[in-house]
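In my numbering, the protein residues as written are 300 to 368.
Using N, Cα and C, we set each Cβ at its ideal position, and we do this for glycine too.
Remember, predicted model here, so these are calculated numbers, not experimental data.
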(Lines of atoms letter the chains of each structure in order from A and count residues from 1; the text may use other names and numbers.)
(Lines give C-alpha, C1' and ligand atoms only; values in the text may rest on other atoms or scores of the structure.)
Protein backbone atom coordinates (compact mmCIF):
# COMPACT_ATOMS: atom_id res chain seq x y z
CA UNK A 1 0.00 0.00 0.00
CA UNK A 2 2.68 2.44 1.09
CA UNK A 3 5.02 1.71 -1.85
CA UNK A 4 2.14 2.22 -4.32
CA UNK A 5 1.33 5.55 -2.70
CA UNK A 6 4.97 6.63 -2.92
CA UNK A 7 5.14 5.68 -6.61
CA UNK A 8 1.96 7.63 -7.31
CA UNK A 9 3.38 10.61 -5.46
CA UNK A 10 6.66 10.44 -7.44
CA UNK A 11 4.75 10.20 -10.72
CA UNK A 12 2.70 13.24 -9.78
CA UNK A 13 5.87 15.13 -8.86
CA UNK A 14 7.52 14.30 -12.19
CA UNK A 15 4.39 15.51 -14.05
CA UNK A 16 4.49 18.73 -12.03
CA UNK A 17 8.17 19.18 -12.83
CA UNK A 18 7.51 18.65 -16.56
CA UNK A 19 4.70 21.21 -16.47
CA UNK A 20 6.93 23.71 -14.65
CA UNK A 21 9.73 23.19 -17.16
CA UNK A 22 7.31 23.60 -20.08
CA UNK A 23 5.94 26.81 -18.56
CA UNK A 24 9.47 28.12 -17.90
CA UNK A 25 10.40 27.47 -21.54
CA UNK A 26 7.29 29.35 -22.72
CA UNK A 27 8.03 32.20 -20.29
CA UNK A 28 11.66 32.32 -21.44
CA UNK A 29 10.73 32.45 -25.13
CA UNK A 30 8.26 35.27 -24.42
CA UNK A 31 10.98 37.12 -22.51
CA UNK A 32 13.42 36.69 -25.41
CA UNK A 33 10.80 37.97 -27.86
CA UNK A 34 10.14 41.00 -25.62
CA UNK A 35 13.87 41.70 -25.46
CA UNK A 36 14.13 41.48 -29.25
CA UNK A 37 11.22 43.88 -29.63
CA UNK A 38 12.80 46.28 -27.14
CA UNK A 39 16.15 46.11 -28.98
CA UNK A 40 14.42 46.83 -32.31
CA UNK A 41 12.52 49.73 -30.74
CA UNK A 42 15.66 51.16 -29.17
CA UNK A 43 17.59 50.82 -32.43
CA UNK A 44 14.79 52.58 -34.33
CA UNK A 45 14.70 55.42 -31.79
CA UNK A 46 18.49 55.70 -31.79
CA UNK A 47 18.56 55.74 -35.61
CA UNK A 48 15.88 58.44 -35.68
CA UNK A 49 17.71 60.61 -33.15
CA UNK A 50 21.04 60.28 -34.97
CA UNK A 51 19.37 61.13 -38.29
CA UNK A 52 17.74 64.24 -36.80
CA UNK A 53 20.96 65.38 -35.09
CA UNK A 54 23.08 64.81 -38.20
CA UNK A 55 20.61 66.70 -40.39
CA UNK A 56 20.55 69.59 -37.87
CA UNK A 57 24.36 69.68 -37.81
CA UNK A 58 24.48 69.59 -41.61
CA UNK A 59 21.90 72.40 -41.96
CA UNK A 60 23.63 74.43 -39.24
CA UNK A 61 27.03 74.13 -40.88
CA UNK A 62 25.53 74.94 -44.28
CA UNK A 63 23.84 78.08 -42.87
CA UNK A 64 27.08 79.02 -41.09
CA UNK A 65 29.06 78.77 -44.33
CA UNK A 66 26.49 80.78 -46.29
CA UNK A 67 26.38 83.53 -43.63
CA UNK A 68 30.17 83.62 -43.41
CA UNK A 69 30.76 84.20 -47.14
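Asked, Found
"Could you pull out every residue in the same chain whose Cβ sits closer than 7 Å to the Cβ of residue 315, ignoring the five residues on either side in sequence?", "none"
"With a threshold of 16 other CB atoms inside 10 Å of the CB of residue 301, please say whether the residue is buried or exposed.", "The predicted model places residue 301 with a pLDDT of 49, which falls under 50 and marks its position as unreliable, so this point remains unresolved."
"By the three-class DSSP mapping on this structure, what secondary structure does residue 368 have?", "coil"
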